[in-house]
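Numbering of the sequence shown is given in the working numbering, commencing with residue 1407 and proceeding in unit increments.
By construction, the Cβ of each residue, glycine as well, lies at the ideal position given by its N, Cα and C atoms.
Note sheet for the following structure.
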Amino acid sequence: MTLDLETAAKERGIKYFLVSYTDLFGTQRAKLVPAAAIRSTCKNGAGFAGFATWLDMSPADADLLAVPDPEGLIQLPWKPEVGWLPADLVMDGKPVEQGPRNLLKRLIKDAAREGLQMKTGVECEFFLITPCGSEPADTADKQTKPCYDQSALMRRYEVITEICDAMLGLGWKPYQNDHEDANGQFEMNWDYDDALVTADRHAFFKYMTRSIAEKHGLRATFMPKPFMDLTGSGCHAHVSLWRDDRNVFSDKSDEIGMSEAGYHFIGGLIHSADALAAITNPCVNSYKRINAPRTTSGATWAPNTVTYTGNNRTHMIRIPDGGRFEFRLADGAANPYLLQAGILAAGLDGIRNRRDPGQRLDINMYTDGHRVEGVKRLPLNMLDAMRALEQCDVLNEAFGAFVPSYLKLKHEEWNDYCRHLTQWERDTTLDC
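Have a look at this one:
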């Protein structure tokens, strides 16, 4: 039964609802709706001008309506009088095909017709930096290898625990929080769930983390590579596929516990990896993480080749134990809904077409990868990734009208970037 938001507002003390959608670039857009008007908003949607956000629309288009999903209601832990609602986009009475949440829901329905459900968890890495964004906020966080540093973690105790307490109260079952490999970088983990649930929570987590950081006079950033000498922020996804209560990826007879269907799913990700990067690594800065030189800690912890392995963090896909794998390509800029949609589309293509993932490589790809012939490398930049997406039949077929809209806006972003002259160019070329 669908949750009655008017009743829920009275019972929970909610005065306003944030009716929110995530656009193509991952920016969250919202309208603040008083509880007294939520019934009509659920029926008619909250109106937006789509062209004013990162969507492929024009000022001449009709109203973009964001129809809230009552099942996604999250009461703001730091401001409980407000309820956050993820919304689906509608225009002229039809779902908007380029809407990221709409796309994911359609792909989930496609999988369900085959009796399949993808469950995922995400590892969201982020930096706590100064409000101006110039450096990590903790001036004492200076270790060369700061990962898991107890003192640095505890210096941010108030921020991290406020976020974790919020997740505990929301029933997300968070289980670990740590200082990550870069100075000022953190990661927080919560339990895996259905892909749409995880995407909604991922979107809200980013909003919540930024909001609580601001409350403490800090700034949280999920930028993939905010500091060239420090490890970038990934968004690793742990993936499993289910039919009813059975994990389709699990096979105890396999050496590392992965079923044939699991290997085919991985094969699909490997087959479409270069195109998928345009989705999972969506900005210019993304490629300074996956093609980075060694950082001060000694490793980037990011893949640069399209390979898979067992329990080894130097590859794009890691199988840490039976029945699931970790997809390590995506970064902090990834759109929560498009990340899940991309994995699901490429993986299901792998199963349907029995894609061979190739040889499992149990080597250190950072030191020995050059010795392996025929290994596909990831795109060197955003333009290469966009060109790969443009040519990818798998994702074009699965995503439909989304792809040309996405690529149109991303090409505009790339062209805008190319119009900027950097100091490096002046320093190295003035005397050419």
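Coil, strand or helix - Tyr1772 by DSSP: helix
Going straight from the alpha carbon of Asn1450 to that of Leu1471, what length do you get? 8 Å
Along the chain, which unbroken stretches of the alpha helix (DSSP H) at least 4 residues long are found entirely within the stretch 1727 to 1758? 1742 to 1758
Tell me, please, whether the stretch 1519 to 1537 touches the stretch 1626 to 1646 by the rule of three or more beta-carbon pairs shorter than 8 Å. Yes: at least three Cβ pairs fall under 8 Å.
From Arg1562, Tyr1554, Glu1529, pick the residue whose C-alpha is nearest to that of Thr1545; which is it? Arg1562
Going straight from the alpha carbon of Pro1552 to that of Phe1808, what length do you get? 41 Å
May I have the straight-line CA-CA distance separating Arg1348 from Met1792, to the nearest angstrom? Here the chain covers residues 1407 to 1838 and nothing more, so residue 1348 does not appear.
Going along the chain, which unbroken runs of the alpha helix (DSSP H) with 4 or more residues stay wholly within the stretch 1456 to 1539? The DSSP assignment places complete alpha helix (DSSP H) segments of no fewer than 4 residues inside the stretch 1456 to 1539 at 1506 to 1519, in order along the chain.
Reducing DSSP to helix, strand and coil, say where Ser1557 ends up. helix
Which partner residues of Gln1582 appear in the DSSP bridge assignment? Asn1595
C-alpha distance - Ile1769 paired with Asp1516, whole-angstrom precision: 37 Å
Quick check on the burial criterion: 16 or more other C-beta atoms within 10 angstroms. Buried or exposed for Ala1751? buried
Give me whichever residues DSSP pairs with Met1664 in a beta bridge. Beta-bridge pairing links Met1664 to Ser1656.
From Lys1511 to Asp1600, what distance separates their C-alpha atoms? 11 Å
May I ask you to report which of helix, strand or coil DSSP gives Phe1431? coil
Answer yes if the stretch 1439 to 1447 comes into contact with the stretch 1456 to 1470, meaning at least three C-beta pairs across the two stretches below 8 Å, and no otherwise. no
If you reduce the DSSP assignment to three classes, tell me which class Pro1810 lands in. helix
Beta-carbon proximity list for Gly1728, same chain, < 6 Å, skipping 5 on both sides: Ser1656, Gly1663
Give me the DSSP bridge partner(s) of Val1439. Val1439 is bridged to Phe1423.
Endpoints, beta strand (DSSP E) assigned at Leu1647: 1641 to 1649
Residue-chain proximity (Leu1574, chain D), Cβ-Cβ < 8 Å: Here chain D cannot be found, since the structure has a single protein chain.
With the cut-off set at 8 Å, would you say Ala1609 and Asn1687 are in Cβ contact? Result no, Cβ atoms of Ala1609 and Asn1687 do not sit closer than 8 Å.
State the Cα-Cα distance for the pair Leu1495 and Lys1814, rounded to the nearest angstrom. 19 Å
What span of residues does the alpha helix (DSSP H) with Gly1575 cover, start to end? 1563 to 1576
Since Arg1435 contacts Tyr1743 with CB under 8 Å, what's their CB separation in whole angstroms? 13 Å between Cβ atoms; not a contact.
Hey, would you say Phe1423 sits closer than 8 Å to Gly1499, going by beta carbons? no
Tell me the DSSP secondary structure of Arg1760 in three-state form. coil
From this set, Tyr1427, Leu1482, Leu1409, which residue's C-alpha is nearest Pro1476's C-alpha? Leu1409
Inter-residue spacing [alpha-carbon to alpha-carbon] between Ser1692 and Glu1417: 44 Å
Which of the three DSSP states is assigned to Thr1834 in this structure? Here Thr1834 sits in helix by DSSP.
Neighbourhood of His1642 by C-beta distance below 8 Å, restricted to the same chain and skipping five residues each side: Val1528, Glu1529, Glu1732, Phe1733, Arg1734, Ala1736
Are Asn1589 and Leu1636 close, meaning C-beta to C-beta below 8 Å? yes
Taking the alpha-carbon positions, what's the Met1771 to Cys1538 distance? 36 Å
Is it the case that the stretch 1774 to 1792 contacts the stretch 1693 to 1702, given that we only count it when at least three CB pairs across the two stretches are under 8 Å? yes
Around the Cβ of Met1524, are there at least 16 other Cβ atoms within 10 angstroms (buried) or fewer (exposed)? Buried, since its Cβ has 16 or more Cβ neighbours within 10 Å.
What are the partner residues of Gly1453, as DSSP defines its beta bridges? Leu1471
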